[in-house]
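The numbering used here numbers the first residue of the sequence shown as 7 and each following residue consecutively.
Glycine included, C-beta positions come from ideal geometry on N, C-alpha and C.
All values derive from a computational prediction rather than experimental measurement.
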Amino acid sequence: MLFLFEKGIPYSFQQSDIVPIFMAVLHVAAGFVFFIQAQPKNQVEHAWKMADDLSKQTGHGRHRPYPDDQMFLPEGIFALTLIIFLFNYIFALAANMDYVQRFIETGGQLDLALDSRSQRVRVMFRYGLYLLAYPAAVWMRLLTSVKGQRRKNLQSFFRLLLVIASAVVYSFSFPSFLHHDGLGFLAWGALIPLFIILRRSYFPRFMFYGVFWMILTVLLKNYWLGTFSLVSLQVATLILGLYGILFFLVLWGIELILRYFEKIFPERYILHVLMFALLYSAAWTVFDWVQTQGFTAYPWTLMPHSQWKNLLLIQYSAVTGMWGISQILYLANAVIASLYVFPGAYKPARRLIFSLAAVYIAVIHLLGAIALLQAGPKQAEEVARVILDGNENMVQVIPDERTPGDPAEVEEGSVRIALVQQNSDPRKHDYEEVFRTLTRLTDGILNAVPEVDLVAWSETAFVPNISRWGAEDQDPDRRLVRLVRQMLEYQRSMETWLLTGNDDYTVVLDDDGRELERLNYNAAVLFDNEGRRRETYHKMKLVPFTEHFPYERQFPRLYQFLLDYDVNFWEPGTEPTVFEHPKLSFSTPICFEDAFPLEVRSFVREGAGMILNISNDYWSLTEVAAKQHFAAALFRATEHRKYLLRSTSSGVTTAVDPMGRIIFELPGYTAAASAVDIPVETPGGPTFYTLAGDWYIWLIFLGIAVLLASILISMGVSIFRFGNDY
Numbered sequence: 007m008l009f010l011f012e013k014g015i016p017y018s019f020q021q022s023d024i025v026p027i028f029m030a031v032l033h034v035a036a037g038f039v040f041f042i043q044a045q046p047k048n049q050v051e052h053a054w055k056m057a058d059d060l061s062k063q064t065g066h067g068r069h070r071p072y073p074d075d076q077m078f079l080p081e082g083i084f085a086l087t088l089i090i091f092l093f094n095y096i097f098a099l100a101a102n103m104d105y106v107q108r109f110i111e112t113g114g115q116l117d118l119a120l121d122s123r124s125q126r127v128r129v130m131f132r133y134g135l136y137l138l139a140y141p142a143a144v145w146m147r148l149l150t151s152v153k154g155q156r157r158k159n160l161q162s163f164f165r166l167l168l169v170i171a172s173a174v175v176y177s178f179s180f181p182s183f184l185h186h187d188g189l190g191f192l193a194w195g196a197l198i199p200l201f202i203i204l205r206r207s208y209f210p211r212f213m214f215y216g217v218f219w220m221i222l223t224v225l226l227k228n229y230w231l232g233t234f235s236l237v238s239l240q241v242a243t244l245i246l247g248l249y250g251i252l253f254f255l256v257l258w259g260i261e262l263i264l265r266y267f268e269k270i271f272p273e274r275y276i277l278h279v280l281m282f283a284l285l286y287s288a289a290w291t292v293f294d295w296v297q298t299q300g301f302t303a304y305p306w307t308l309m310p311h312s313q314w315k316n317l318l319l320i321q322y323s324a325v326t327g328m329w330g331i332s333q334i335l336y337l338a339n340a341v342i343a344s345l346y347v348f349p350g351a352y353k354p355a356r357r358l359i360f361s362l363a364a365v366y367i368a369v370i371h372l373l374g375a376i377a378l379l380q381a382g383p384k385q386a387e388e389v390a391r392v393i394l395d396g397n398e399n400m401v402q403v404i405p406d407e408r409t410p411g412d413p414a415e416v417e418e419g420s421v422r423i424a425l426v427q428q429n430s431d432p433r434k435h436d437y438e439e440v441f442r443t444l445t446r447l448t449d450g451i452l453n454a455v456p457e458v459d460l461v462a463w464s465e466t467a468f469v470p471n472i473s474r475w476g477a478e479d480q481d482p483d484r485r486l487v488r489l490v491r492q493m494l495e496y497q498r499s500m501e502t503w504l505l506t507g508n509d510d511y512t513v514v515l516d517d518d519g520r521e522l523e524r525l526n527y528n529a530a531v532l533f534d535n536e537g538r539r540r541e542t543y544h545k546m547k548l549v550p551f552t553e554h555f556p557y558e559r560q561f562p563r564l565y566q567f568l569l570d571y572d573v574n575f576w577e578p579g580t581e582p583t584v585f586e587h588p589k590l591s592f593s594t595p596i597c598f599e600d601a602f603p604l605e606v607r608s609f610v611r612e613g614a615g616m617i618l619n620i621s622n623d624y625w626s627l628t629e630v631a632a633k634q635h636f637a638a639a640l641f642r643a644t645e646h647r648k649y650l651l652r653s654t655s656s657g658v659t660t661a662v663d664p665m666g667r668i669i670f671e672l673p674g675y676t677a678a679a680s681a682v683d684i685p686v687e688t689p690g691g692p693t694f695y696t697l698a699g700d701w702y703i704w705l706i707f708l709g710i711a712v713l714l715a716s717i718l719i720s721m722g723v724s725i726f727r728f729g730n731d732y
């Protein structure tokens with residue numbers, strides 16, 4: 007509703023009008039309060055004098071408790087407006103998607119235009135104009151303020167802009183619409199403005215800036231979630247927003263201790279800078295780790311993922327996992343921020359800490375270079391590639407007359423694996439059509455190069471449940487029964503092993519043997535070269551709220567709400583299965599499971615010699631989501647010094663060697679298949695990370711505890727010795 011009514015046209019209220027009406031009322035009310043706050047000049051100066059006196063009493067002139075309050079209200083409303091605008095604009099991009107329109111047609115409570123362009127125009131009129139209210143409020147306040155207050159109001163305006171800039175720059179360090187590989191170098195300084203502003207803010211603004219930054223980065227990095235389901239982006243924003251509130255509360259506690267330590271030990275400059283850099287980098291690293299834990303875990307676009315192309319740095323993950331890399335990046339931001347946070351008296355201390363941090367980072371990169379030199383050149387090789395062109399013609403790209411060597415025979419000690427990318431969403435496209443594409447690509451790659459040991463199809467590449475529809479007692483005239491039998495017959499004719507994503511289920515029986523319920527799983531199924539089903543893996547780590555919600559009894563209304571918005575649930579698996587092939591053992595994390603360090607570690611600890619991920623990233627309709635997924639997954643190769651292969655419906659179908667070097671990568675959103683020769687044995691034993699897991703995080707916990715205890719003890723001793731002078 008644009009509050010534009012034409013004569014004679016009846017208007018009916020809709021649920022979608024609630025937010026625009028709320029925004030209109032909020033801005034009118036805020037404008038009224040904003041004008042009421044205007045005070046005579048002498049009262050303003052009196053308030054400033056009180057604030058200055060209080061800051062002198064506390065000894066923290068740069069941490070005044072009240073000076074920015076006049077702009078707090080318009081800043082908060084602007085932040086809320088920007089978030090609501092981004093939410094609506096993101097969903098406007100999905101307006102013409104088939105699942106959205108189908109949901110609307112079947113009575114779903116959603117008011118979107120029939121095409122994305124019209125919906126984006128509607129969003130600009132509904133919310134975009136409100137974004138101009140904050141600059142207008144700043145301009146009006148500058149015109150009506152006294153000189154000293156005018157400067158403070160302008161500083162407040164620029165602080166908010168710097169928080170937004172920090173969020174934008176940080177988001178662009180990951181794969182994004184600006185650059186599909188991400189601009190990883192930005193991560194080395196993206197948080198500097200935020201750290202400076204947090205250190206100079208009192209509690210309400212500290213929390214406001216921190217949580218606003220958190221929510222803004224979630225929306226900017228994960229905008230593509232709007233194409234996954236109708237609730238996924240909201241759920242991700244809500245969860246990470248709550249995480250952000252808890253995190254910045256903890257960080258505020260650390261900040262208070264730092265400020266008090268700086269007060270009672272005013273001349274220990276080196277300790278001031280060191281404590282700030284270490285505690286901030288440690289706290290943010292732990293926050294990254296927390297996002298990989300529990301039911302609500304979402305290990306996406308974490309700080310170390312920005313460095314997925316930095317081959318020298320990512321070698322460190324074999325020792326510390328991602329977390330050592332995470333702290334290095336946060337440490338760099340904190341050390342550079344300290345150059346501005348601390349005054350001129352700190353110059354020697356700042357120079358010393360900066361030099362130590364630079365040497366530490368340089369040494370880590372040097373050790374990475376040595377590890378790469380010791381590993382030597384890549385041992386794996388792409389030996390064949392076929393592509394279906396726009397006219398559905400099979401084009402053989404590799405091998406051709408320019409390809410060196412003879413890929414006809416597999417070298418001793420290697421295994422040849424074919425990865426098939428059918429470029430479709432199996433759940434939204436016709437099952438028969440998807441199966442035809444899979445078989446054409448599979449036949450093409452098998453004809454291009456002989457002796458393929460294993461063919462890998464993507465997550466749920468073949469949707470009809472093989473266990474159910476492949477049973478002998480099923481009616482052969484049913485469509486899904488026919489399709490499953492065609493698939494099984496085709497697999498036997500391949501005369502090689504096949505891994506495919508599929509649905510699976512188990513039946514729960516009562517004491518009398520009657521079926522109580524069926525538990526459905528997202529599964530990976532392995533067939534041997536004679537057509538026998540050898541083993542099945544059930545996905546253990548499911549996407550929270552959109553694939554799994556274990557609290558149906560505790561929150562029945564929320565459970566029903568998710569069902570109403572077209573969410574389908576699975577049961578989580580319980581066993582980290584290791585598939586056994588005559589030439590190798592491997593495990594198959596499904597979808598975003600390869601983004602979880604400890605999940606993949608459990609496979610390796612069980613004996614997996616290779617990691618073969620199957621995913622469906624087609625649904626996002628953007629290479630950004632696929633690249634972000636791959637950036638997170640690549641670390642599993644370097645953490646364990648194992649080959650990582652990925653077969654996706656469309657996304658990043660690739661092979662990565664144990665040093666994190668990419669062997670090949672199929673183009674996104676293209677029907678293609680590739681065959682790669684992989685050494686069965688990788689040199690060296692298990693890495694330190696494979697043996698010790700997240701030891702670095704526990705070391706950080708211990709270090710934080712020791713640092714805080716030392717600070718508190720030192721403060722207690724000083725207060726005891728010198729009394730209330732401090």
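Take residue 537 and list the residues in its own chain whose beta-carbon comes closer than 7 Å to its own, dropping the five residues that flank it on each side. Answer for residue 537: 494, 497, 498, listed in chain order.
Helix, strand or coil for residue 94, going by three-state DSSP, please let me know. Three-state DSSP puts residue 94 in a helix.
Candidates 589, 382, 380, 522, of which the one nearest residue 458 by Cα: Of the listed residues, the one whose Cα sits closest to residue 458 is 589.
Backbone CA spacing between residue 529 and residue 510 [nearest angstrom]: Near 6 Å, if we compare the C-alpha coordinates of residue 510 and residue 529.
Less than 8 Å between the beta carbons of residue 654 and residue 622, yes or no? Yes, they are a contact pair.
Can you give the Cα-Cα distance for residue 88 and residue 175, rounded to whole angstroms? Residue 88 and residue 175: Cα-Cα distance of roughly 17 Å.
Do the CB positions of residue 451 and residue 390 come within less than 8 Å of each other? Going by C-beta atoms, residue 451 is nearer than 8 Å to residue 390.
Classify residue 506 as helix, strand or coil using the three-state DSSP reduction. In the structure shown, residue 506 sits in a strand (DSSP, three-state: E or B).
Three-pair Cβ contact test at 8 Å for the region 267 to 278 versus the region 324 to 335: The region 267 to 278 is not in contact with the region 324 to 335.
With the cut-off set at 8 Å, would you say residue 230 and residue 630 are in Cβ contact? Inclusion of residue 230 and residue 630 in the CB contact set at 8 Å is warranted, their separation being smaller than that value.
I need the boundaries of the beta strand (DSSP E) containing residue 440, first residue and last residue. From DSSP, residue 440 is part of no beta strand (DSSP E) but of the alpha helix (DSSP H) over 437 to 454.
Return the CA-CA distance between residue 565 and residue 160, expressed in angstroms with no decimal places. The alpha-carbon atoms of residue 565 and residue 160 are separated by roughly 47 Å.
Decide if the region 646 to 661 is in contact with the region 610 to 617; the criterion is three or more beta carbon pairs, one per stretch, under 8 Å apart. Remark: three or more beta-carbon pairs, one from each stretch, lie closer than 8 Å, so the region 646 to 661 and the region 610 to 617 are flagged as touching.
If contacts are defined as beta-carbon pairs under 8 Å, then residue 747 and residue 224 qualify, I think. What distance do you get, rounded to the angstrom? Lying before the first or after the last residue shown, residue 747 is absent from the chain, which here runs from 7 to 732.
Proximity of residue 552 and residue 237 at Cβ, strictly below 8 Å: The answer is yes: Cβ separation under 8 Å.
Start and end of the alpha helix (DSSP H) containing residue 654? For residue 654, there is no enclosing alpha helix (DSSP H); the residue is part of the beta strand (DSSP E) that begins and ends at 649 to 654.
I need the boundaries of the beta strand (DSSP E) containing residue 542, first residue and last residue. 539 to 544 is the extent of the beta strand (DSSP E) around residue 542.
Here's the rule I'm using: 16 or more other beta-carbon atoms within 10 Å means buried, otherwise exposed. How should residue 562 be labelled? Answer is exposed; the Cβ neighbour count stays below 16.
Please give me, in chain order, every unbroken run of the beta strand (DSSP E) with length at least 3 that falls completely inside the region 211 to 298. Given a length threshold of 3 residues, the region 211 to 298 has no whole run of the beta strand (DSSP E) inside it.
For residue 603, which of 468, 626, 637 has the nearest alpha-carbon? Of 468, 626, 637, the residue nearest in Cα terms is 637.
Measuring only the C-alpha atoms, how far is residue 123 from residue 694? Approximately 52 Å between the Cα atoms of the pair.
Do you know how far the Cα of residue 678 is from the Cα of residue 467? Between residue 467 and residue 678, the C-alpha separation is close to 14 Å.
When the distance is taken between beta carbons, is residue 661 closer than 8 Å to residue 686? Not closer than 8 Å, so no.
Ordered list of alpha helix (DSSP H) runs contained in the region 151 to 188, each at least 4 residues: Runs of the alpha helix (DSSP H) inside the region 151 to 188: 153 to 178.
Check whether the Cβ atoms of residue 595 and residue 619 sit closer than 8 Å, and answer yes or no. In this structure, residue 619 lies closer than 8 Å to residue 595 by Cβ.
Which residue or residues does DSSP assign as beta-bridge partners of residue 594? According to DSSP, which records beta bridges pairwise, residue 594 is partnered with nothing at all.
Among the candidates 299, 259, 280, whose CA atom is the shortest distance from the CA of residue 342? Sorting 299, 259, 280 by C-alpha distance to the C-alpha of residue 342 places 280 at the top.
Taking only the alpha-carbon atoms, compute the straight-line gap between residue 443 and residue 258 and give it to the nearest angstrom. Cα to Cα, residue 443 sits roughly 55 Å from residue 258.
Who are the Cβ neighbours of residue 218 in its own chain at under 6 Å, not counting the five residues just before and after it? If the five residues before and after residue 218 are omitted, its C-beta is found closer than 6 Å to the C-beta atoms of 85, all from its own chain and listed in chain order.
Using 10 angstroms around the beta-carbon of residue 299, count the other beta-carbons present and answer buried if the total reaches 16, otherwise exposed. So residue 299 counts as exposed.
When you compare only the Cα positions, how much space is there between residue 311 and residue 560? Whole-angstrom Cα-Cα distance: 35 Å.
Going by C-alpha to C-alpha distance, which of 576, 521, 142, 131 sits closest to residue 37? Per the Cα distances, 142.
Can you have a look at residue 384 and say buried or exposed, based on whether 16 or more other CB atoms are within 10 angstroms of its CB? Flag for residue 384 reads exposed.
Just reading off the alpha helix (DSSP H) that residue 605 is part of, what are its end residues? Counting along the chain, residue 605 sits inside the alpha helix (DSSP H) bounded by residues 603 to 611.
With a threshold of 16 other CB atoms inside 10 Å of the CB of residue 326, please say whether the residue is buried or exposed. So residue 326 counts as buried.
Quick one: residues in its chain with C-beta nearer than 7 Å to the C-beta of residue 181, no 5 flanking neighbours on either side, listed in chain order? Counting only Cβ-Cβ distances below 7 Å, and skipping sequence neighbours, we find 187, 188, 630, 633, 634, 637.
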